[in-house]
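Residue numbers (the working numbering): -1 to 228. A virtual CB, placed ideally from N, CA and C, is assigned to each residue, including glycine. Heads up: the structure comes next, in structure tokens.
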Amino acid sequence: MADFVLVAGSFLGGWAWEKVTPHLELHGHRTFPVTLTGLGDRAHLLSPEIDVHTHAQDIVNAITYADLRDVVLVVHSYAGGPGTIAAARVPDRIAKIVYVAALNPEQSRPLWDVMSDFARDYFESLTDGWLMRLPGVEVVAEHFGEHGVERDEQRWLLDRATDHPITTFTTPILDDLTAAYALPNVFVKATDDPAIDRVRAGIPVIELESDHFPMASAPERLATVLRETA
-1 MADFVLVAGS
9 FLGGWAWEKV
19 TPHLELHGHR
29 TFPVTLTGLG
39 DRAHLLSPEI
49 DVHTHAQDIV
59 NAITYADLRD
69 VVLVVHSYAG
79 GPGTIAAARV
89 PDRIAKIVYV
99 AALNPEQSRP
109 LWDVMSDFAR
119 DYFESLTDGW
129 LMRLPGVEVV
139 AEHFGEHGVE
149 RDEQRWLLDR
159 ATDHPITTFT
169 TPILDDLTAA
179 YALPNVFVKA
189 TDDPAIDRVR
199 AGIPVIELES
209 DHFPMASAPE
219 RLATVLRETA
């Protein structure tokens, strides 16, 4: 059985996986959802000093303090950045990285540089100083509504979502990512996702019929894919 460490994207916390984890645990797997500094139940820690490296260390700490090994690290959207850095810091503890509609970071570049035009325009519309402000339902509907994100799903996601520090996207990645690139990697491509438009060369791709937020819209199908890739 596998240990899944699950990290959601911008604005979201560990709670975003609550529809997925029962389908993994039912089959005997253990799940460890991670909430990054400044998000979710850690929103009180939000500050302009937080960057992608802060979030990478959150993931490292979640893994090492639980003394996990042979981890299946599942990263969604923005979390592809800090997740890859974390894997490069503790590669001996990682069995595989699963990128779920996730960014594929490049060494020495900020995540802003590897985002799709759609995602960049969306985040620019939300930026207020050092923060990306939590979008309202109408804003999410405007950008994602025609890509399968239903109103009930939008409300479920936004109910506990929080503001996100833009510095996590604008800070260049300082870590050497070679060790993470050398690990087994899988990319889960959501079929109706305008936010992610590139995959690092050589990564196996699995298609999932879903929008950009499969943990909300297709949790059982996503869990099946995760079990099959573990």
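Where G143 falls: helix, strand or coil (DSSP):
Confidence in G143 is poor, its pLDDT being 49 and thus under 50, which makes the residue's placement unreliable; the coordinate value appears in the next sentence. Helix, per DSSP.
Boundaries (first-last residue) of the alpha helix (DSSP H) holding N59
50 to 63
Quick one, are the C-beta atoms of L37 and G79 less than 8 angstroms apart?
no
For the pair the segment 70 to 90 and the segment 121 to 130, tell me if three or more CB-CB distances fall below 8 angstroms.
no
Nearest by alpha-carbon distance to A85: which of L181, D209, V197, I194 is it?
L181
Inter-residue Cα distance where the pair is V184 and A199
11 angstroms
For P192, the residue or residues it bridges with in DSSP:
Looking at the DSSP assignment, P192 forms no beta bridge with any residue, so it has no partner.
State yes or no: is the C-beta of T33 within less than 8 angstroms of the C-beta of T19?
no
Might you give, ordered along the chain, the residues of its own chain that have their beta carbon closer than 7 angstroms to the beta carbon of A64, omitting 5 neighbours on each side?
F30
Quick check on this structure: which residue in H210, Y179, D209 has the alpha carbon closest to the alpha carbon of P89?
Y179
Any non-hydrogen atom of the ligand GTP closer than 7 angstroms to E16 Cβ
Absent from the structure shown: the ligand GTP. Ligands present: none.
7 angstroms CB neighbourhood of A229 in its chain, flanking five on each side removed:
The structure shown does not extend to residue 229, since the chain spans only -1 to 228, so no value can be given for it.
Kindly indicate which three-state DSSP category H42 falls into: helix, strand or coil?
helix
Do the segment 44 to 62 and the segment 164 to 175 make contact, defined as three or more Cβ pairs closer than 8 angstroms?
yes
Take H145 and list the residues in its own chain whose beta-carbon comes closer than 8 angstroms to its own, dropping the five residues that flank it on each side.
Legend: pLDDT at H145 = 47, less than 50; position of this residue unreliable, no value from coordinates given.
Span of the beta strand (DSSP E) holding T29?
28 to 32
Suppose you measure from the CA of F9 to the CA of F121; what does that come to, to the nearest Å?
11 angstroms
Closest by CA to L44, which one among L155, D150, D161, V58?
D161
Do L101 and S75 count as a contact pair if the criterion is CB distance below 8 angstroms?
yes
Within 8 angstroms (strictly less), CB to CB, does T125 reach chain C?
Going by chain labels, chain C is absent from the structure shown, which holds only one protein chain.
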